[in-house]
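Take 0 as the starting number for the sequence shown in numbering that gives the first Met the number 0 and just add one per residue.
Below you'll find the structure, written out as structure tokens, and then a few comments.
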Amino acid sequence: MSEITILGTGYVGLCSAAGFSKLGHRVRCYDVVEAKIERLQNGAVPIYEDGLQEIVTEGLSSGLLSFHTELAEATEGAEFVFICVPTPQDEDGSADLSYVLAATTNVSPLLADGATLVVKSTVPVGTAEKVCNSLKRSSINYVSNPEFLREGSAIWDFFNPDRIVVGSESEKAALEVANLYCQSNVPTIVTSPASAELIKYAANSFLAIKLSFVNEVAAICEKTGADIRDVTEGVGLDSRIGGKFLNPGPGWGGSCFPKDTRALLSIAESAGATSQIVEAAVSSNIHTFERIVDRLAHKFSDGLAGKHIAIWGLAFKANTDDIRESPALEIARRLLDAGAVLTAYDPIAKIPTNLNKVAQVSDAKKAVESADALIVLTEWPEFNTYNASEFIPLMNMPLVFDTRRVLNQTWESASDLIQVGRR
Ligand code: UGA
Numbered sequence: 000m001s002e003i004t005i006l007g008t009g010y011v012g013l014c015s016a017a018g019f020s021k022l023g024h025r026v027r028c029y030d031v032v033e034a035k036i037e038r039l040q041n042g043a044v045p046i047y048e049d050g051l052q053e054i055v056t057e058g059l060s061s062g063l064l065s066f067h068t069e070l071a072e073a074t075e076g077a078e079f080v081f082i083c084v085p086t087p088q089d090e091d092g093s094a095d096l097s098y099v100l101a102a103t104t105n106v107s108p109l110l111a112d113g114a115t116l117v118v119k120s121t122v123p124v125g126t127a128e129k130v131c132n133s134l135k136r137s138s139i140n141y142v143s144n145p146e147f148l149r150e151g152s153a154i155w156d157f158f159n160p161d162r163i164v165v166g167s168e169s170e171k172a173a174l175e176v177a178n179l180y181c182q183s184n185v186p187t188i189v190t191s192p193a194s195a196e197l198i199k200y201a202a203n204s205f206l207a208i209k210l211s212f213v214n215e216v217a218a219i220c221e222k223t224g225a226d227i228r229d230v231t232e233g234v235g236l237d238s239r240i241g242g243k244f245l246n247p248g249p250g251w252g253g254s255c256f257p258k259d260t261r262a263l264l265s266i267a268e269s270a271g272a273t274s275q276i277v278e279a280a281v282s283s284n285i286h287t288f289e290r291i292v293d294r295l296a297h298k299f300s301d302g303l304a305g306k307h308i309a310i311w312g313l314a315f316k317a318n319t320d321d322i323r324e325s326p327a328l329e330i331a332r333r334l335l336d337a338g339a340v341l342t343a344y345d346p347i348a349k350i351p352t353n354l355n356k357v358a359q360v361s362d363a364k365k366a367v368e369s370a371d372a373l374i375v376l377t378e379w380p381e382f383n384t385y386n387a388s389e390f391i392p393l394m395n396m397p398l399v400f401d402t403r404r405v406l407n408q409t410w411e412s413a414s415d416l417i418q419v420g421r422r
């Protein structure tokens, strides 16, 4: 059992804290937002993440997990202090390190000699040096330990990692951090802080490139009569390519890929390098949003103005209430610009205030009432259980656009169905 402190209780900090407590470590969490800590002390988890609530409740009752509003109380005697604060995008696309550096400066005088400071926040190459300069403590070890948790399955990912990456000047400290995960059979990459930092951006950018490519192939399928499902199956079975992350959609989004691809471009630029392929993936993604809207618009001889469009799904992907940089909202904005009238349904995500022209309803049937078309933008599993016969009669026109290929076969015969990646 180790003494761990987590600074920042966002989804990375909270899921990691819960995971470490479940593994038997004593974990104390601190956040500058006192109201959030007070709610967590009462067991109220502020985000929707499968399995998280149960582990937090268990950790609170066993005493292995606790939440603190005083930094000194949260860090006294800590062996490992994880920085899990946000690194939002600056105006120029680079990552804003101010929260990371402020957390470092605040915690520095409280750390015991020999303790290890771990940065889990996604930070640009060269951050280790900046953090160590703010730390001003040669007796503290520094380890960069990027996270690979997906929202919606972060707890599963925590306990089933593909690899553990630890970057440090001290191999001993790096291995101690890796050992906290109790994953003796998982490959561990022990490397320099710079490589660890770049692994995170390169991984997210590669996945974004993969998706932009799949969405472009889907567009080719729509024009040629090929079916993206069969194409990705045939391509993904090549073990050099792999079948994961090949689902086409309305574009990629979320709190990580858009921010991290832009940050990688900014890192490359400041280093005097370029990444044309990441640039292309970002612009290809914008083109995907536009292609989806155009395809729907082409179904109406007189355009989208005044058309009542129902939207199913607002979250950037299923199993989360997160709408940050959600493709669904990108598409909603474009539909509004084209003059459409929108009614949306999502099982848990909410329409943001800056899109208050979109009416939100709390049931999928209400959303489609009198609609001229339905567009499915998030792959919520519940949409797959819906039978077309219960919805199509409520619509003004039976036009349905499934951008996630999530609807079941009942929709094929009952509606005028268009699907992404299929003519
Ligand atoms: C991503 C990475 O997958 C995690 O490994 C990483 O830790 C995380 O960013 C982060 O940097 O914190 P996340 O943003 O939660 O995780 O979501 P993903 O599951 O990767 O999905 C990102 C976007 O790609 C979503 O819009 C999703 O709908 C889309 N997607 C994903 C597809 O369109 N098709 C796919 O086959 C997979």
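Ideal Cβ positions, reconstructed from N, Cα and C, are used throughout, including at glycine.
DSSP-derived helix/strand/coil call for residue i
i    : result
D229 : helix
L245 : coil
V142 : strand
Q46  : What sits at residue 46 in the sequence shown is Ile, not Gln. In this structure, I46 counts as coil in the three-state DSSP scheme.
T4   : strand
W379 : coil
D415 : strand
S20  : helix
C14  : helix
Y385 : coil
D371 : coil
A195 : helix
Q275 : helix
F81  : strand
C255 : coil
R25  : strand
T342 : strand
V399 : strand
A34  : helix
Q88  : strand
Q359 : strand
S204 : helix
L59  : helix
S238 : coil
A348 : coil
S93  : coil
L51  : helix
F390 : coil
For residue j and residue i, the rounded distance between their alpha carbons
i    : j    : result
F382 : V405 : 7 Å
E146 : T121 : 8 Å
C14  : C181 : 16 Å
L398 : A304 : 16 Å
P436 : A348 : The requested residue 436 is not part of the displayed model; the chain covers only 0 to 422.
E150 : A177 : 22 Å
K129 : L100 : 8 Å
D112 : S138 : 5 Å
V185 : A172 : 18 Å
G125 : I198 : 13 Å
A267 : S204 : 12 Å
R290 : V84  : 36 Å
E37  : A77  : 21 Å
I330 : T409 : 25 Å
S361 : D345 : 7 Å
Y141 : L148 : 21 Å
K306 : K365 : 16 Å
C255 : A202 : 11 Å
G42  : S269 : 44 Å
F288 : R333 : 8 Å
E175 : P87  : 29 Å
D237 : L134 : 47 Å
G18  : R421 : 41 Å
Y385 : L70  : 49 Å
H297 : I417 : 11 Å
Supposed close pair residue i, residue j - CB separation, criterion 8 Å
i    : j    : result
W379 : A337 : Not really, about 25 Å apart at Cβ, beyond 8 Å.
A413 : A372 : No, A413 and A372 are not in contact; Cβ-Cβ is about 14 Å, not under 8 Å.
A195 : V165 : 7 Å
G7   : D30  : 6 Å
K119 : F81  : 5 Å
N214 : S283 : 7 Å
Any non-hydrogen atom of the ligand FAD closer than 6 Å to residue i Cβ
i    : result
W311 : The ligand content of the structure shown is limited to the ligand UGA, which means the ligand FAD is not among them.
Cβ of residue i within 7 Å of any chain D Cβ
i   : result
I46 : Reference to chain D is not applicable here, since this structure consists of a single protein chain.
Requested in this report: List in chain order: all unbroken beta strand (DSSP E) runs of 3+ residues lying wholly within the stretch 144-189.
Outcome: Runs found: 163-166.
Query raised in the report: Are there three or more Cβ pairs, one per stretch, closer than 8 Å when the stretch 303-311 is compared with the stretch 341-350?
Result: With a cut-off of 8 Å, the stretch 341-350 and the stretch 303-311 count as touching, because enough Cβ pairs lie within range.
Query raised in the report: Below 8 Å, can you find three or more Cβ-Cβ pairs linking the stretch 14-32 to the stretch 48-67?
Result: Touching, yes, given that three or more Cβ pairs across the two stretches are closer than 8 Å.
Query raised in the report: At what residue ranges does the stretch 97-139 contain a whole run of the beta strand (DSSP E), taking only runs of 3 or more?
Result: Counting only runs of 3 or more, we get 115-118.
**Report entry** Minimum length 3: unbroken beta strand (DSSP E) runs contained in the stretch 281-336
**Finding:** The stretch 281-336 contains these whole beta strand (DSSP E) runs: 307-311.
Query raised in the report: Any contact of the stretch 202-212 with the stretch 241-257, i.e. 3+ C-beta pairs under 8 Å?
Result: Using a Cβ-Cβ distance cut-off of 8 Å, the stretch 202-212 and the stretch 241-257 are in contact, since at least three pairs of beta carbons, one from each stretch, lie closer than that value.
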